[in-house]
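Worksheet: the structure to be examined is printed underneath.
Protein chains: 2
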Amino acid sequence: MATLNRSKSREAIVRFLMTRKDHPTAEVIYNNVRQECPKISLGTVYRNLTLLSDIGEIQKISCGDASEHFDGNAKPHPHFVCNKCHRVDDLEMDDLNFLNTLANQKFGGIVEKHQLIFYGKCEFCKEN
Amino acid sequence: MATLNRSKSREAIVRFLMTRKDHPTAEVIYNNVRQECPKISLGTVYRNLTLLSDIGEIQKISCGDASEHFDGNAKPHPHFVCNKCHRVDDLEMDDLNFLNTLANQKFGGIVEKHQLIFYGKCEFCKEN
DNA sequence: ATTAAAATTAAGAATAATTACTAATTTAAT
DNA sequence: ATTAAATTAGTAATTATTCTTAATTTTAAT
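Residue numbers (the numbering used here), protein chains in the order written: chain X, 10 to 137; chain U, 10 to 137.
Written out as structure tokens, the structure is:
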């Protein structure tokens with residue numbers, strides 16, 4: 010079931026995500042991709058984001074605010090969320106794969122991956 | 010502003026959360042606390058869950074499924090989400106505070122805490 | 001114990017994010 | 001060019017959560 014075609018919308022979404030170092034929501038992606046694909050609908054954006062993160066080509070980040078954020082970088086890495094301005098950024102750290110190994114040690118199931126999100130004040134909000 | 014009264018609902022919610030080792034949603038909490046407080050409303054459950062997690066007495070867990078989950082254990086610890094049955098459990102690991110220190114090293118802002126969620130197959134779903 | 005102010009609540013309306021539906025369009029493979 | 005499968009726009013529907021308001025409960029002070 011379901012081979013994956015090459016669709017204009019899908020490619021525009023991926024291309025847009027690649028240009029961003031922050032991690033936009035579906036709404037933001039929609040408003041931007043619209044400039045390239047004026048007829049695209051919000052539903053299409055959602056459907057493709059879900060599809061793409063299901064096959065692991067992009068990442069979905071659930072950081073606790075109302076909406077999901079999306080990351081064009083499929084490689085696992087930690088994120089940072091500012092409690093003041095709510096920006097969602099990448100956080101530079103050495104490889105954290107050892108966490109999976111560690112987690113698996115006393116665990117009855119199988120750990121496949123993890124999401125690590127740090128919270129605090131970003132460089133712009135910390136003075137206050 | 011706003012001192013925190015002792016309210017029957019709020020205490021029943023906390024008490025219920027303490028009895029659970031899984032991490033129920035607002036809806037599940039509502040349906041259970043109802044047996045003790047038959048007149049409680051879903052809005053009250055939501056309001057108190059938000060209040061309690063704001064003051065750090067409980068934890069809110071955003072694990073990527075449609076709804077938030079809540080943890081009566083305020084102490085930071087990692088969680089596990091099963092990709093098959095979607096249970097949300099605690100995961101036993103040694104203290105992970107060093108992650109915050111590590112994260113702060115190359116970071117311009119201030120890391121205060123983190124959420125670590127592992128994904129995979131739980132002990133009951135792993136055979137398949 | 002009374003009382004008055006502040007906090008909390010139930011109930012239901014409102015909102016916001018996301019998904020589902022359907023007929024039309026696009027894509028890939030002949 | 002033809003056809004079947006995949007994708008889409010547009011819109012309706014759903015779901016989780018928040019907001020509003022008048023009534024009730026709690027607290028602290030008498």
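Quick reminder that beta carbons are idealized off the backbone N, C-alpha and C, glycines included.
Rounded C-alpha distance that separates residue i from residue j
i: U/S50; j: U/S62; result: 19 Å
i: X/C140; j: X/Q44; result: This structure cannot speak to residue 140 of chain X, because chain X is shown only from 10 to 137.
i: U/F107; j: X/Q124; result: 17 Å
i: X/N113; j: U/R96; result: 17 Å
i: X/N41; j: X/K30; result: 14 Å
i: U/N137; j: X/L105; result: 27 Å
i: X/E36; j: X/E121; result: 30 Å
CB contact check: residue i to chain X, cutoff 7 Å
i: U/Y128; result: yes
i: U/H88; result: no
i: U/Q44; result: no
i: U/G65; result: no
i: U/Q68; result: no
i: U/L100; result: yes
i: U/K93; result: no
Option in the options with minimal Cα separation from residue i
i: U/K48; options: U/Y55, U/K122 and U/Y39; result: U/Y39
i: X/S76; options: X/E132, X/R24, X/P33 and X/E121; result: X/P33
i: U/Q68; options: U/D74, U/L60, U/D80 and U/N57; result: U/D80
i: X/T89; options: U/K115, U/L26 and U/A35; result: For clarity, residue 89 of chain X is Phe in the given sequence; the question names Thr instead. Selected option, being the one with the closest Cα: U/K115.
i: U/C91; options: U/K135, U/G118 and U/H78; result: U/K135
i: U/S71; options: U/N137, U/F133 and U/Y128; result: U/Y128
i: X/E101; options: X/F25, X/K84 and X/C94; result: X/K84
i: X/D74; options: X/I126, X/K122, X/N82 and X/T59; result: X/I126
i: U/S18; options: U/T12, U/H86, U/R56 and U/P87; result: U/R56
i: X/V54; options: X/E20, X/V120 and X/M27; result: X/E20
Cβ of residue i within 7 Å of any chain U Cβ
i: X/G81; result: no
i: X/V120; result: yes
i: X/L51; result: no
In DSSP terms, what residue i is bridged to
i: X/D99; result: X/H88
i: U/Y128; result: X/K122 and U/V90
Got a sec: which bits of the segment 18 to 40 of chain X sit with their beta carbon under 8 Å from any beta carbon on chain U, in order along the chain?
none
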